[in-house]
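Let me begin by presenting the structure, written as structure tokens, before commenting on it.
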Amino acid sequence: MASVEGLDVGRTYGALLFGASGAFGLSGIVVTQCLVYFKQYPEDSHKTKAMVLASWFLDMTHSAFVMLSIYDYFIKYFGDEGGIDIIPWPLAASVVVTALQTLLVHCFFAVKIFRSSRRNWYITGPIVLLAIARLVSASMTTYNMIRLKRFSAFMIPFPKTMFTTGLSLTAAVDILITGCLCYYLVEIRTRISPCSTMMIKMVDTLTLYTLENGALTCLAAVASLVCWLTMPHNLIFMGLHFVISKLYANSLLASLNMRRQLWQIHGGIDPSSDEGPSNAKQLGAESAFRIQNTFQNKTSKSTFDYPPSPYNNNADSVPLPL
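Structure follows, in structure tokens:
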């Protein structure tokens, strides 16, 4: 960390303040999404609800650690410019909480890939292992931050490498997950009849969402990594790191909450509208595929089912990563 004489307030205290403000704002969105989820999907399985509660708990815990870190820097060490070099234990703890949130979300999307790949462990296994490795590196980072207590001491190669590895693995897993999900969505789209405009629209919407979702979390991790490698003597990287956990929580909840919207794109017909009957006929004519959105079963799966072909008595089924 910079010396007292060369302290850059904007890139140290300012970076922490802006990062914390962004994190708290995103945390508010997490709360809103949780409330929306429990209101719209009361019939979801207990496992899914427990996952949402766990994500919410981790988000609140992370916010508490960020708040305590800001208190330490702006109140406890007020007037002590050398205090910016100190690593408060809540700041160190926020790193491993971020990793736990990341692992939860990565495993959630890994399950989607597992179903879409027809239970292919050769694809899903490496993703899960890399996600666990990211948690291990973050745990070692937190341990060394608490042990060394100062950023100047944390800059030695081993703990510095652990933090670098954690952020790198985060970005790598995001890229793998996004690539796999998009691959299976494109595969599904190629099997849809050109006449099935509703199904094409649905898959295109889901593909675009997957790309945007994966890009957002990946860019946040990469931005923090780049700032850490190029500007380790200020705290811009930590300000960016504050928001990573929030982006993952929102990613998980948005993925769950968008199911009803996608269902409406495919079959949400308003019977009271003038276009209702004609849309219903069009939907029946275009159903080269049938979506089976099982909100009420315990597996919470969504699949595209091929209807029986007049030339083939066997119906095929392609899992849709919802």
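Just so we're aligned, residue 2 is where the sequence shown starts under the numbering used here, counting upward by one. Note that beta-carbon positions come from the ideal geometry of N, C-alpha and C, so glycine has one too.
Note on geometry: alpha-carbon atoms of residue 114 and residue 71 lie some 38 Å from one another. Excluding residues up to 5 positions away in sequence, 2, 151, 152, 153 lie with their Cβ nearer than 6 Å to the Cβ of residue 86 in the same chain. Taking the Cα positions, residue 184 is about 20 Å away from residue 199.
Under the three-state reduction of DSSP output, residue 71 falls in the helix class. Comparing C-alpha distances from residue 135 to each of 17, 171, 214, 62 shows the shortest one belongs to 171.
DSSP places residue 78 in no alpha helix (DSSP H); its state is neither H nor E.
According to the DSSP assignment, residue 175 belongs to the alpha helix (DSSP H) that extends over 158-191. Shown here, residue 151 sits in a strand according to DSSP, grouped into three states. Two segments are said to touch when three or more pairs of C-beta atoms, one from each, lie closer than 8 Å; by this definition the region 54-71 touches the region 238-250. Between residue 26 and residue 239, the C-beta gap is not smaller than 8 Å, which leaves the two residues out of contact.
Rounded to whole angstroms, the gap between the alpha carbons of residue 133 and residue 196 is 43 Å. The three-state reading of DSSP puts residue 124 in helix, counting H, G and I together.
Counted as a single uninterrupted DSSP element, the alpha helix (DSSP H) harbouring residue 254 occupies residues 237-258.
Residue 214 and residue 220 have their alpha carbons spaced roughly 10 Å apart.
Between residue 141 and residue 156, the C-beta spacing is not below 8 Å. For residue 178 and residue 148, the gap between their C-alpha atoms comes out near 34 Å. A residue is called buried once 16 or more other Cβ atoms fall within 10 Å of its Cβ, and residue 123, having fewer, is exposed. CA-CA distance, residue 69 to residue 263, rounds to 40 Å.
The beta carbon of residue 90 sits closer than 6 Å to the beta carbons of 147 from its chain, once the five residues preceding and following it are set aside; these are given in chain order. Within the region 5-55, the complete alpha helix (DSSP H) segments of 4 residues or longer fall at 14-41, listed in chain order. Looking at the DSSP output, residue 87 shares a beta bridge with 151. Comparing C-alpha distances from residue 217 to each of 13, 22, 9, 255 shows the shortest one belongs to 255.
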